[in-house]
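Residue numbers (full-length UniProt numbering), protein chains in the order written: chain Z, 1 to 289; chain Y, 1 to 380; chain D, 1 to 601.
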Amino acid sequence: MQVFFQTIIGGVSLGAIYALVALGFSLVYRTMGLVNFAHGNVVTVGAYLASTFYLTAKLPFAVAMVVAIVVTAAIGLVIERVLRPLENRDFDLMLIGTIGFGIVLDALVIMIWGATGRAVPSPVQTAPLSLFGLRIRTYDLVVLAIAAVATVLLVLFLSRTKRGAAMQAVAMDHEAATAVGIHVGRSNAIAFMIGAGLAALAGGLVGPLLYVNPALGGTLGIKGFAAAILGGFGSIPGAIVGGLAIGILDSFTAGHFQGYSELVTFLVFTVIIMIRPTGVFGERTVNRA
Amino acid sequence: MARSRPLYALAVLALVLAGCSAPGSDKKDSASDTGPIKIALVDAQSGQLSSLGAWELKGAKLAVTEWNAQGGINGRQIQLDVFDDQGDPTTGTNLARKIQSEGYLAMIGTAESAVTIAMAPTLKTAEIPNITSGQSPGLVAVGSEFLFLNGPTSTTYDETLAKYIVDQQGIKSIAMITNNGSYGKGEHDAFTKALAKRSVTPVADQVVTTDQKDFSAALTSIRQKNPKLIFLGAEEVESGLIVKQARDLGITAPFAGGAPQGTPVFLNTAGAKNVEGTIVSSPYLSNDISPASKKFADAYKAAYNEDAELHGAKAYDGTQIMLTALKTSNVATGKALADAIRATKYQGLLGGFAYDNTGVGIFATSIGKIENGKLVAATG
Amino acid sequence: MRYRIAALAVIAVAAWLLPYGLDSYAIHVVNIILIFSILAVGLGLCMGIGGQVNLAQVAFFGVGAYATAILTTKAGWGFWVSAVLAVAATVVMGLLVGTPALRVQSHYLGIVTLGLALAFTNWVTNAQIAGGAEGISAIPVPTIPGVDLSSEYLYYYLELIIFAVTLAFGLFIVRTALGRRMRAMRDDALAAGSLGAEVPVLRMTAFLLASIYGGIAGVLYAGLIRYVAPESFSIANMFLLLAMVIIGGRQSLVGCVAGAVVLYLVRELLVDYPTAAQIGYGSVVVLVVVFAPTGLAGLPPRIRQALRRRRGGAGEAARLGEFRPYEAVEAAAGDEPILVADAISMHFRGLKALDDVSLSVDPGEIRGIVGPNGSGKTTLFNVISGLYRPTRGRVRFRGRDATGLAPYRLARAGMSRTFQNLRLFGDLTVEENVLVALDRHATWQSWRYVGRPISVLRRDRDLHRRAGEVLDRYGLREFAALPPKSLPYGIQRRVEIARAMAAAPALLLLDEPAAGLNGEEVRQLSEIVRSIRDSGVTVIVIEHNMGLVMSLCERITVLASGKVIAEGLPAEVAQNPAVIEAYLGDSMSSDDLPTLPEVAR
């Protein structure tokens, strides 16, 4: 029983990170119809920036995070400009185009920061909480709280602000939004900026949990994308549920199937997708005839 | 006729390809007695394993620079060229052919055993000696007289470790956590064997994947067994994560493992406090274990502005052996060079090298312990 | 034709002589390029021709190579026996990986196949039988009596022959019935299904082909490198393969080969400059995708087009010919209705699109279905033609229960339809659009491609002849080789009707066939529809153009808010108060008002 609950706790902690990554995927997809496979690489960039500001520039962790998010979001604007011709293209082109861009980002990361990576000490030094023999890291709680706050802020932004409402409109109907005078280009740029910011948030937060190296974003990207699909691609609550689900699924298969965990994770994932092709909170509109 | 154009293009391409390379261009130009001595360094410089490749390159380059500063070998400079295998065995086979046809005398690398094994048959046929950084038993199983290891095999590491833990310390309650990569698998098998020899059965035997990030399930099971010591078989970063998460889960038992657990990357990833008491079986305990290692570490720091570590030291030793053999054999090639390497007795950073027929040159590691955030030789 | 044969001969000779100019490194690279070319052709068939995203091609490659390795080293079987079994194993894997394609497409299929590819790598890393992380070495050299295949020069000829055969086979598929059907499905799966293409079977066929090519490439790899390890089949190699196919040009197999050759050479040339190579390789991919989405294969046509534009004067424009009416036949005296919809309800998340709709159409009738926008007309068509399974109610077609039958089954039973907003296969020519509909063979009969290729060719020639007849009848002969998107709207409408009729239906469903047509075109349309009916085909028309409906239809069914509010002769319906109420109550534009009966007939 203890193993069971401890496994869930471990899964939730990484699941929160997957959820943030998935959120970026979904937000960009719903607004601009772009499946951005370079998202994982943006996470790497964010992680490196956050660790640089924290370790090299010796800023407090929170400040370093904010600066990293802002800088990554700004980089996101540049990326959006490069990827703009791919928006609303057919999937094959988007797939390989964004992968190609991700390869360039990776190479740039290696050029700037080297290939060997760095460890980021945890900013929260408090000892883990102990409850009924279960151990909960305080930093995990911080990550969960930040992920929750970020989600709430995003939802509020989308539903309560004019700019957010405009983005929702673009998400629902590209042409109608243009017709009523919404600047689609700007709306897309903002969506991408927020997506990049979320990637930096995920990367920055995961730094102290893992090890920052050029390969960091690859795994997070694939798991994050799977999470977004599992929850229902383009859905905000879906990204959260999907992220936590993938995290927990991963932890359990690791416990039960040891070395074969990845095999089992993806088989289970495939079966779920086949049973419920549109994910938990599936896309509502079915385009037919 | 429109559809035939791509075909024309292909035909032209084929002709161009045929035209570019002169027939029989397998030139062995460096076998001539002038010009620089060409040595190839093959390692992943991009992709997942690029960090290993980067360390190796630094160590090997340092050795070559030293030799060149002293005038090279027989008045000839040494030219070290880097090739990126991307951690991909297929690319490795291409590179094996490439260094053969471009006349390289010898090869340093790779750090990935799968790539090295893929390259071995070609290098054997081409008679190009290769000093690799791998340590997996699979490399020895290849049985090529041109393949040499620049460090001990897992068997040596783990035999030494088991001897210290079980025989000297009398610890019998041991849990294992290893990954399923070639390094972790080798460690798992070697350590299990070493334990079996002492009739010790591990209380837990958890296998994780090389990509795994969350180890709560495996570690919680280990915690329930309450072992006295946990054997760890994984590369630096993953080992660091495992130790960090274990401490967060309240596991207090010390860890023990091979060389990766003595490196700064491991120490930093896990956090200095968490690795206290870790037992390490390594041929290269730290940068200040001997005058030679101090000198190496200073030169390394001066050249790259970062602290030297095990992989760089191994590559440095391997390159030194290669260059020494070249010197003693008067820049021999092929079989003669391989024999020269086998005959080389070299006192390196890792210890005394003397190769046997399996291509392994060093059979001893020392036991170290991390105390106060530093790896020191274990006492008793 | 003579040029083409000459070109092929030149290529064949050049390929045959190639090894004489190469050193051992170059021949090795060429050998690997050939293997990647076979893989790329397989991926091209699956993604480019079949439209099925397949990120597991590298896993098919791996299964082929690993199965060969395991069977030769562990079971001790001969290389060629193992090779055949390895390809069989790959096909099984291909069908397994392809199964999700029956349910999901596009990015969903992408992540699922990618996940399964990762699962494969994970399995071989762990499994004892696959040698674990260290892989399997010392795979025996394949043997051919009298030929020493351990020499890479001789191995090249083995690969060359297999490559030529597989490429030729791929081109054979693409240019005949099976490939056409797959391309139609890629362009528009719904339309292809409603023309009788068995979409599920075709999707599996795409994966089947991909896996056969992957398996063959894997066998050749095992024989060449004689060592397999999990890293050889990594995701990075999958992306490389994908880049080859996209850069070469997905829709052309020769393009895929060109992409494999070019990209591999570029990568090999840049191998000494790792970081620069990565930036270069990534940028090339992005640039090609942005500026040349059709890849290398798309360049020659684009250049030709640009040249022609510069020269000006696009020759004489193609003209639309006269419609040649069908021969009238006596209506078969059947008193049983051809189509019965019985109390159909269709709900979408609480929205009642159709509510208890019943309808009965007699053979030889032209039935009109009218109603304000959003009244459920197209939904009714979608239920009848099998796109939707109704929430409640039954559909009977030609006396048999047809509720929720797959569209392709209905199509094969004799139902054909057009779509409100035109669903022509955009990347096929007008003639090919018609050919897809004409082809009534079951896809499973594609075994003939291997067993009786001559019969495939003969059948294809026959199809072309019949397509010519259809195009002649509809006056579309001069548009035969053009892509439909380049045609005026009215002509596209006519192509769609010609295509629907080429399927030789008993019941034709027309969804707003007059939308966007001018007066003359509407007149021609009504002539065409009457002739179709006279040839013995029953027609159901959804239309907003009341003049057309009143003049054309024998009976009219009126829908409003998902319910049938009136049915009868045109004159009766136009005076029905409920109908007038429905139209006026709805804020419709004036041309939606039923025109008064005096206009009719």
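Glycine included, C-beta positions come from ideal geometry on N, C-alpha and C.
For this session: Report yes or no: is there a C-beta of chain Y within less than 9 Å of the C-beta of residue 29 of chain D?
Result: yes
For this session: Report, in whole angstroms, the separation of the C-beta atoms of residue 154 of chain Y and residue 137 of chain Y, which I expect to be a contact under 8 Å.
Result: 6 Å
Exercise. At what residues does the beta strand (DSSP E) containing residue 106 of chain Y begin and finish?
Worked result: 106–109
Exercise. Would you say residue 197 of chain Z faces chain Y, with C-beta separation under 9 Å as the test?
Worked result: no
For this session: Kindly say whether residue 94 of chain Y, judged by its beta-carbon, lies nearer than 9 Å to any beta-carbon of chain D.
Result: yes
Problem set entry | Cβ neighbours of residue 118 of chain Z in the same chain (closer than 8 Å, five flanking residues each side left out) | 51, 55, 211, 212, 213
For this session: Please go through the same chain and pick out, in chain order, the residues whose beta-carbon is closer than 7 Å to the beta-carbon of residue 96 of chain Y, but skip the five residues on each side of it.
Result: 119, 122, 123
Problem set entry | Reduced DSSP secondary structure (H/G/I, E/B, other) of residue 27 of chain Y | Note on residue 27 of chain Y: pLDDT 43, under 50, position unreliable in the model; the coordinate value appears next. DSSP places residue 27 of chain Y in coil when its eight states are reduced to three.
Exercise. Helix, strand or coil for residue 261 of chain Y per DSSP?
Worked result: helix
For this session: Could you name the residues of the segment 89–113 of chain D whose beta carbon sits closer than 7 Å to any beta carbon of chain Z, in the order they occur along the chain?
Result: 100, 103, 104, 106, 107, 108, 110, 111, 112
For this session: Quick one: list the residues of chain Z neighbouring residue 293 of chain D, beta-carbon separation under 8 Å, in chain order.
Result: 89, 93
Exercise. Are any of the Cβ atoms in chain Z nearer than 9 Å to that of residue 377 of chain Y?
Worked result: no
For this session: Mark residue 39 of chain Z as exposed unless 16 or more other C-beta atoms lie within 10 angstroms of its C-beta, in which case mark it buried.
Result: buried
Problem set entry | Status (buried if at least 16 other CB within 10 Å, exposed otherwise) for residue 128 of chain D | exposed
For this session: Assuming residue 301 of chain Y contacts residue 308 of chain Y (C-beta within less than 8 Å), just tell me the rounded distance between them.
Result: 7 Å
For this session: Output, in sequence order along the chain, the residues in the segment 93–110 of chain Z whose CB is closer than 9 Å to any CB in chain D.
Result: 93, 94, 95, 96, 97, 98, 99, 100, 101, 102, 103, 104, 105, 106, 107, 108, 110
Exercise. Which whole-angstrom value describes the C-beta separation of residue 197 of chain Z and residue 22 of chain Z, a residue pair presumed to lie in contact below a C-beta threshold of 8 Å?
Worked result: The pair is not a contact, with the Cβ atoms about 15 Å apart (cut-off 8 Å).
Exercise. Residue 185 of chain Y lies in the alpha helix (DSSP H); which residues open and close that run?
Worked result: 182–197
For this session: Give a yes or no on whether the minimum CB-CB distance between residue 3 of chain Z and chain Y is below 9 Å.
Result: yes
For this session: Could you tell me whether the segment 73–84 of chain D touches the segment 15–28 of chain D, where touching means 3 or more Cβ pairs closer than 8 Å?
Result: no
Exercise. Assuming residue 43 of chain Z contacts residue 95 of chain Z under a Cβ cut-off of 8 Å, what Cβ separation, rounded to an integer in Å, is found between them?
Worked result: With 8 Å as the limit, residue 43 of chain Z and residue 95 of chain Z do not qualify as a contact, their Cβ atoms being about 18 Å apart.
Problem set entry | Contact under 9 Å by Cβ, residue 42 of chain D with residue 209 of chain D | yes
Exercise. What is the DSSP secondary structure of residue 178 of chain Y, counted as helix, strand or coil?
Worked result: strand
For this session: Could you check if residue 69 of chain D is buried or exposed, using at least 16 other CB atoms within 10 Å of its CB as the buried criterion?
Result: buried
Problem set entry | Cutoff 9 Å: residue 172 of chain Z Cβ touching any chain D Cβ | no
Exercise. In or out: residue 338 of chain D buried (at least 16 other Cβ within 10 Å) or exposed?
Worked result: buried
For this session: From the DSSP output, in three-state form, read off residue 130 of chain Y for me.
Result: strand
For this session: Check the Cβ-Cβ distances between residue 277 of chain D and every residue of chain Y, and say whether any is below 9 Å.
Result: yes
Exercise. Just by C-beta distance, which residues in the segment 343–360 of chain Y are closer than 8 Å to chain D?
Worked result: none
Exercise. I think residue 26 of chain D touches residue 86 of chain Y, with their Cβ atoms under 8 Å apart; what is that distance to the nearest whole Å?
Worked result: With a Cβ gap of about 20 Å, residue 26 of chain D and residue 86 of chain Y do not count as contacting.
Exercise. So does the segment 54–70 of chain D actually touch the segment 182–202 of chain D, counting three or more Cβ pairs closer than 8 Å?
Worked result: no
Exercise. Residue 128 of chain Z CB to nearest chain Y CB: under 9 Å?
Worked result: yes
Exercise. If you drop the 5 nearest sequence neighbours on each side, which residues of the same chain put their C-beta closer than 6 Å to that of residue 594 of chain D?
Worked result: Summary for residue 594 of chain D: the model assigns pLDDT 45, below 50, so the residue's position carries little reliability; its value from the coordinates is reported in the next sentence. So the qualifying residues of the chain are 546, 574.
Problem set entry | Residue from D:498, D:341, D:96, D:511 with nearest C-alpha to residue 531 of chain D | D:498
Problem set entry | Nearest residue (CA-CA) to residue 280 of chain Z, options Z:241, Z:200, Z:215 | Z:241
For this session: Could you tell me which residues DSSP puts in a beta bridge with residue 279 of chain Y?
Result: Y:256, Y:369
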